[in-house]
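Residue numbers for the sequence shown follow my numbering, beginning at 43 and rising by one.
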Amino acid sequence: MAVINRTPDSFYDKGRYYSLADALRAVDVAVASGADIVDIGGVKAAPGPEVPVNQEIERVVPLITGIHRLHPKVVISVDTWRSEVAAVSAEAGAHLINDAWGGYDPNLAKVAARYGCGLVCTHAGTLTPRTEARGLNYADVVLDVKLRLSELADRAVRLGVTGESLGLPVMERLEGTLAVISLCAWMGARVFRVHNIKEARRAIDMVSVVMGKKQPLIAQRATS
Numbered sequence: 043m044a045v046i047n048r049t050p051d052s053f054y055d056k057g058r059y060y061s062l063a064d065a066l067r068a069v070d071v072a073v074a075s076g077a078d079i080v081d082i083g084g085v086k087a088a089p090g091p092e093v094p095v096n097q098e099i100e101r102v103v104p105l106i107t108g109i110h111r112l113h114p115k116v117v118i119s120v121d122t123w124r125s126e127v128a129a130v131s132a133e134a135g136a137h138l139i140n141d142a143w144g145g146y147d148p149n150l151a152k153v154a155a156r157y158g159c160g161l162v163c164t165h166a167g168t169l170t171p172r173t174e175a176r177g178l179n180y181a182d183v184v185l186d187v188k189l190r191l192s193e194l195a196d197r198a199v200r201l202g203v204t205g206e207s208l209g210l211p212v213m214e215r216l217e218g219t220l221a222v223i224s225l226c227a228w229m230g231a232r233v234f235r236v237h238n239i240k241e242a243r244r245a246i247d248m249v250s251v252v253m254g255k256k257q258p259l260i261a262q263r264a265t266s
């Protein structure tokens, strides 16, 4: 799963893919690098200027349409907490709704069920969208995550729906990310939402080869 943020103020790409043309070129690169799913967002997660619903729709829907035209086999995910945006995105052809704020809008699951979309359930600690994760206290954080995700997943099914930081700069976290991806792939995870698509695909493929699930591209013994 590749991340394409069509926002002017993303913490990662600083608005590099804000224009539709640049966003579509980024999708081309992601798919060529091995991405099977493209996750697009029209509002950054961090605090900032308010983005009205209609503006978020204007950012994501043309990109959905463009991806369908250029890469009809790619699964399209939309990162939004708003059911209004999810509905319009699903009508435009999105396959997956990425609810990054953990059920803040209870109608999001209903939209996923209505349009037959997949729904990503997340744990956001009851935070309001686009607020900092501060002042949260848990007696048992693992149990809290488990219970919340189970609650969201159970609710989605009933409606009909078939991390930590090491303090490194953003651009110096690749090795740690690949280590976690490899471990998760070994344990059976199948979808990975990443920025560095080519490197992640290589790590996942290597795990598949080591596990015997995939043949190496070249079965050759080193001679030096």
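From the three backbone atoms N, C-alpha and C, an ideal C-beta is built for every residue, glycine too.
Remember, it's a predicted structure, so these values are computed and weren't measured experimentally.
How about residue i and residue j: do their beta carbons lie closer than 8 angstroms?
i: residue 131; j: residue 149; result: no
i: residue 228; j: residue 248; result: no
i: residue 72; j: residue 85; result: no
i: residue 274; j: residue 105; result: Here the chain covers residues 43 to 266 and nothing more, so residue 274 does not appear.
i: residue 75; j: residue 239; result: yes
i: residue 48; j: residue 102; result: yes
i: residue 158; j: residue 121; result: no
i: residue 171; j: residue 123; result: yes
i: residue 193; j: residue 216; result: no
i: residue 68; j: residue 107; result: no
i: residue 141; j: residue 161; result: yes
Nearest-angstrom Cα distance between residue i and residue j?
i: residue 110; j: residue 137; result: 11 angstroms
i: residue 145; j: residue 116; result: 26 angstroms
i: residue 257; j: residue 178; result: 46 angstroms
i: residue 185; j: residue 163; result: 16 angstroms
i: residue 43; j: residue 57; result: 20 angstroms
i: residue 155; j: residue 139; result: 11 angstroms
i: residue 143; j: residue 196; result: 17 angstroms
i: residue 187; j: residue 165; result: 6 angstroms
i: residue 212; j: residue 114; result: 32 angstroms
i: residue 206; j: residue 233; result: Any reading at residue 206 must be qualified, since the residue scores a pLDDT of 41, below 50, and its modelled position is unreliable; the value itself is stated next. Straight-line Cα distance between these residues: approximately 19 angstroms.
i: residue 251; j: residue 259; result: 9 angstroms
i: residue 277; j: residue 220; result: Residue 277 lies beyond the range of the chain shown here (43 to 266); nothing can be said about it.
i: residue 64; j: residue 235; result: 20 angstroms
i: residue 91; j: residue 255; result: 47 angstroms
i: residue 176; j: residue 87; result: 14 angstroms
i: residue 119; j: residue 191; result: 19 angstroms
i: residue 214; j: residue 222; result: 15 angstroms
i: residue 112; j: residue 204; result: 27 angstroms
i: residue 226; j: residue 173; result: 28 angstroms
What I want to know is whether the C-beta of residue i ends up closer than 7 angstroms to one or more non-hydrogen atoms of the ligand ADP.
i: residue 229; result: Absence of the ligand ADP is noted for the structure shown, with no ligands found whatsoever.
In or out: residue i buried (at least 16 other Cβ within 10 Å) or exposed?
i: residue 243; result: buried
i: residue 46; result: buried
i: residue 202; result: exposed
i: residue 198; result: buried
i: residue 189; result: exposed
i: residue 183; result: exposed
i: residue 181; result: exposed
i: residue 153; result: buried
i: residue 70; result: exposed
i: residue 129; result: buried
i: residue 98; result: buried
i: residue 151; result: buried
i: residue 231; result: exposed
i: residue 208; result: Here the model assigns residue 208 a pLDDT of 49, short of 50, so the residue's position is not dependable, and the following value carries that caveat. Burial call: exposed.
So residue i and residue j are supposed to be a Cβ contact under 8 angstroms. How far apart are they, rounded?
i: residue 95; j: residue 127; result: 6 angstroms
i: residue 237; j: residue 54; result: 6 angstroms
So, is the C-beta of residue i closer than 8 angstroms to a C-beta in chain B?
i: residue 81; result: No chain B appears in this structure, which consists of one protein chain only.
List, from N- to C-terminal side, the beta strand (DSSP E) runs of 3 residues or more that fit wholly inside the region 55-85.
Complete beta strand (DSSP E) runs here, min 3: 79-83.
Going residue by residue through the region 144-230, where are the continuous beta strand (DSSP E) segments of at least 3 residues, counting only ones entirely within it?
Those beta strand (DSSP E) runs which fall completely within the region 144-230 and span 3+ residues are 160-162.
Inside the region 97-147 only - beta strand (DSSP E) runs reaching at least 3 residues
Listed in chain order, the complete beta strand (DSSP E) runs (minimum 3 residues) inside the region 97-147 are 117-121 and 138-140.
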